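Asker: In the working numbering, each residue carries its 1-based index in the sequence shown increased by 51. All C-beta atoms in this analysis are idealised placements derived from N, C-alpha and C, irrespective of residue type, glycine included. What you are looking at is a predicted structure, and each value in this text was computed from that prediction instead of being measured. Next up is a structure, given as structure tokens.
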Amino acid sequence: MIRPATPADVPVIHALVRELAEYEKALEEARASQEQLREALFGERPAAFAHVAEDAAGDVVGFALWFLNFSTWRGVHGIYLEDLYVRPEARGGGHGKALLTELARICVERGYERLEWSVLNWNRPSIEFYEALGARPQDEWTVYRLTDAALTTLGSLDSLGSRD
């Protein structure tokens, strides 16, 4: 079963985020607290949304965390899937496909024209899973990121490139 996450799901979503970070060999980078997730998902102005996958016993075994993006070329919103994770013991049970199907349904229902996400180049099982669903890589694009000291340094410059 796939359903929208509730505030009561925050502890398990937090645990799943950490499991995903460990799987992606980046646990030390997963610094978000449960309170930060709660605020992002259920605060006064939610910045993100989540759906959870439950097994037959009603236990949460996976999640999708996403937010809206916008295409200036298409002129409409889309969904950016930040995280998709299903616990190893629940894989093969259709939970990942069901989560992606729900996000695709939301896109179609709301007139969004894109469902996008990133996958690590070494993650062959996920790549094969996504391609089997009809997803195609955007090989002509390279993702860039500013974090930590580089972000702080750039953010402290004025619009002319000088320090404030």
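1. So L78 packs on V61, CB below 8 Å; how close in whole Å?
2. Could you check if L71 is buried or exposed, using at least 16 other CB atoms within 10 Å of its CB as the buried criterion?
3. Can you name, in chain order, every residue of its own chain whose Cβ lies under 7 Å from the Cβ of L205, other than the five neighbours on each side?
4. Can you list the alpha helix (DSSP H) stretches of 4 or more residues lying completely in the segment 103-179, in chain order?
5. Closest to R161 by C-alpha separation, out of E182, V112, V127 and L92, would be which residue?
6. Would you tell me roughly how many angstroms separate the C-alpha atoms of P97 and F118, rounded to the nearest one?
7. Does the Cβ-Cβ distance between F114 and Y136 come in under 8 Å?
8. Assuming the contact rule is C-beta atoms closer than 8 Å, W168 and L132 should be a hit. Round their C-beta distance to whole Å, please.
9. Does the beta-carbon of G185 have 16 or more other beta-carbons within 10 angstroms, so that it is buried, or is it exposed?
10. For the candidate residues R82, E182, E90 and R142, whose alpha-carbon lies nearest to that of V111?
11. How many whole angstroms separate the CB atoms of I130 and L151, which I take to be in contact at a CB cut-off of 8 Å?
12. Can you name, in chain order, every residue of its own chain whose Cβ lies under 7 Å from the Cβ of A149, other than the five neighbours on each side?
13. Can you name, in chain order, every residue of its own chain whose Cβ lies under 7 Å from the Cβ of V68, other than the five neighbours on each side?
14. Please list the terminal residues of the continuous beta strand (DSSP E) segment that includes P55.
15. Skipping 5 residues on each side, what residues in its chain have a beta carbon closer than 7 Å to that of Y181?
Answerer: Per the coordinate set shown:
1. Mapped onto the sequence shown, residue 78 falls at position 27. Mapped onto the sequence shown, residue 61 falls at position 10. About 19 Å separates the two Cβ atoms, so there is no contact after all.
2. Taking the sequence shown and counting its residues from 1, the one referred to as residue 71 is at position 20. With 16 or more other Cβ atoms within 10 Å, it is buried.
3. On the sequence shown, position 154 is the one that residue 205 refers to. Excluding sequence neighbours, L205 sits near L197.
4. The segment 103-179 contains these whole alpha helix (DSSP H) runs: 146-161.
5. On the sequence shown, position 110 is the one that residue 161 refers to. The shortest C-alpha separation from R161 is found at V127.
6. As a first step, residue 97 must be located in the sequence shown, where it is residue number 46. As a first step, residue 118 must be located in the sequence shown, where it is residue number 67. Distance between the alpha carbons of P97 and F118 is about 9 Å.
7. Along the sequence shown, read from residue 1 onward, the residue named residue 114 stands at position 63. Along the sequence shown, read from residue 1 onward, the residue named residue 136 stands at position 85. The Cβ-Cβ distance between F114 and Y136 falls below 8 Å.
8. Taking the first residue of the sequence shown as 1, we reach residue 168 at position 117. Taking the first residue of the sequence shown as 1, we reach residue 132 at position 81. About 4 Å separates the two Cβ atoms, so the contact holds.
9. Counting from 1 along the sequence shown, the entry for residue 185 is found at position 134. The residue in question, G185, is exposed, as its Cβ has fewer than 16 Cβ neighbours within 10 Å.
10. Locating residue 111 in the sequence shown gives position 60, counting from the first residue. Comparing Cα-Cα distances from V111 to each of R82, E182, E90 and R142, the minimum goes to R142.
11. Translated into the one-based positions of the sequence shown, residue 130 becomes position 79. Translated into the one-based positions of the sequence shown, residue 151 becomes position 100. For a cut-off of 8 Å, the C-beta gap from I130 to L151 is around 10 Å, too long to register as a contact.
12. Here residue 149 corresponds to residue number 98 of the sequence shown, with the count starting at 1. Cβ neighbours of A149 within its own chain (closer than 7 Å, five residues either side excluded): I53 and A104.
13. If you number the sequence shown from 1, residue 68 lands on position 17. Here the set comprises A81, A83 and D134.
14. One-based indexing of the sequence shown puts residue 55 at position 4. P55 -> beta strand (DSSP E) spans I53 to P55.
15. Taking the sequence shown and counting its residues from 1, the one referred to as residue 181 is at position 130. Around Y181: V170.
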